[in-house]
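Here the sequence shown stands for residues 7 to 377, where the numbers follow the working numbering.
Quick reminder that beta carbons are idealized off the backbone N, C-alpha and C, glycines included.
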Amino acid sequence: MQVMQRQGLKASLQSLQPLNNIRIPIQTAPLPHSALRKAAQPSDRVRCRNSAAPERQPDAHRDAFSERLTPENLVELLRSKRNGDGREGPGEVHLVGTGPGDPGMLTLHALRLMQTADVVLYDRLVSDDILRLVHGGARMVYVGKQAGFHTRTQDQIHQLLCEFAEAGHKVLRLKGGDPFVFGRGGEEALHLQERGIAVHAVPGITAAAGICADIGVPLTHRGIATSVRFLTGHARDGGEEALDDTTDAAVDPHTTLVVYMGLGTLPELTRRLTAAGLAPDTPAVAIERGTLPEQRAVFAPLQQLQNRVAGHGLQSPTLIVIGEVVSLAAGWAQAQTPGIGQTVPSSGRYLHLEDALGVAPLEKSLTAVNY
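This is the structure:
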């Protein structure tokens, strides 16, 4: 059965090749995972930079570059390329979710677009292995955000999407998870539609579904949880404020609560939920870098979760799940066993595409972009 599934996936990937003369070679022997980290020649790297931006980058691997382009110069470059191709009219934007990070959870539709896009604007939560599946001719623009370091405001991202699309090219907006689940994809789609730019959305596996499945937590379960509710640990105004009052209304012993971006507000979250009537001993889990090889999960009753998380030093991105269904996961029983400890590592099912399918990743360095 596994052989048949592997052959089916190989055939699906091979069928993508004619889209833009982009090839993902199928190897007879798997390549080592280290191949994903091999840098391309400097001529393949582009970095766009603004002198007013800080030097710090979120990830060290995005620091390499060979030429510096301002956003304006990059737009002009794309316009000239478009004119040379004889294309007319505005381009289009694809809002694409890449899932929680494991390349095995990437959709084939997303992979097709990653092989044909002219410009790719990507977020911090898009994993390195997924980025390396973008074809070598695409211009990569990093617009990620994290606490205390935003390479671009949301309005500036809107402007970039419009400028690149109006230059007449296919623009790929890569987002972690699903673009319409706390991904601000709706805002970007409305902004583009108001300016007459075609927008297409490709769903991704949202973190709640992908990560909970990976650690064995069912979001719903007959007789235990009849509904699930997604919350954000940030307020609606730019994502920097504390939790708002909607959290108080989320308390229901038969509802599973999933909190995105809630690590920094976990103490306030706990206070609000317990004050609203949620039992302090409700099972809970915090998962750092879910579905990735570095995944860590800390299980604890809600009232103890903050101290356990701080003790293990969990960092963003961390997903928080609260509800009786958490106790159904094998990690919950393991965390209660003396001598085992509270931290549960990744399930080990992370899919390296070249190992599982014999697919050689395109040798392409990532672009460090800072305006």
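Given residue i as reference, the closest of the options once Cα atoms are compared
i	options	result
I293	L269, T113, S333, G103	L269
G229	E330, Q340, R201	E330
G183	V304, T297, Q301	T297
T343	F305, V315, Q310	F305
D134	R277, A316, R295	R295
L131	R201, G150, T232, T288	G150
L198	A171, G189, A214, K176	A171
T271	T226, H227, T324, L225	T324
V187	V140, L112, P106	P106
Q162	R277, I136, L127	L127
E169	Q310, G97, T157	G97
A337	A215, H141, P307	According to the sequence provided, residue 337 is Gly. The question's Ala does not apply to it. Ranking the options by Cα distance to G337, first place goes to P307.
R138	M267, L112, A173	L112
A213	M267, H115, T288	M267
A282	E300, A255, P273	A255
T288	L114, G191, H164, H260	H260
I203	Q165, G216, Q310	Q165
A144	Q301, T122, I136	T122
A116	A173, A339, P185, G174	P185
D108	I217, L225, A173	I217
T226	S333, Q340, S322	S333
E300	L114, Q309, S322, Q340	S322
Q310	R277, T157, Q340	R277
Per DSSP, cross-strand counterpart(s) of residue i
i	result
R138	Paired residue(s): none; R138 is not in a bridge.
M146	V126
T261	S233
F305	V291
T238	Y266
R179	L101, L127
C-beta contact flag for residue i and residue j at 8 Å
i	j	result
L237	V208	no
V223	A335	yes
L279	T253	yes
A303	I211	no
V327	A290	yes
G239	L275	yes
K176	D129	no
Q160	E193	yes
H100	L178	yes
K181	G110	no
T262	A231	yes
M120	V147	no
P286	Q312	no
A215	V205	no
Where the beta strand (DSSP E) through residue i begins and ends
i	result
I326	324–328
L117	Taken as a continuous stretch (DSSP letters only), L117 belongs to no beta strand (DSSP E), being part of the alpha helix (DSSP H) at 114–120.
E294	289–294
P100	Reading the sequence as shown, one finds His at residue 100 and not Pro. Taken as a continuous stretch (DSSP letters only), the beta strand (DSSP E) holding H100 covers 98–103.
A207	204–208
C-beta neighbour in chain E for residue i, strict 8 Å
i	result
G270	Here chain E cannot be found, since the structure has a single protein chain.
Where the alpha helix (DSSP H) through residue i begins and ends
i	result
F170	160–172
R314	308–318
R278	272–281
A219	213–221
H227	From DSSP, H227 is part of no alpha helix (DSSP H); its letter is neither H nor E.
E200	191–200
Q340	336–342
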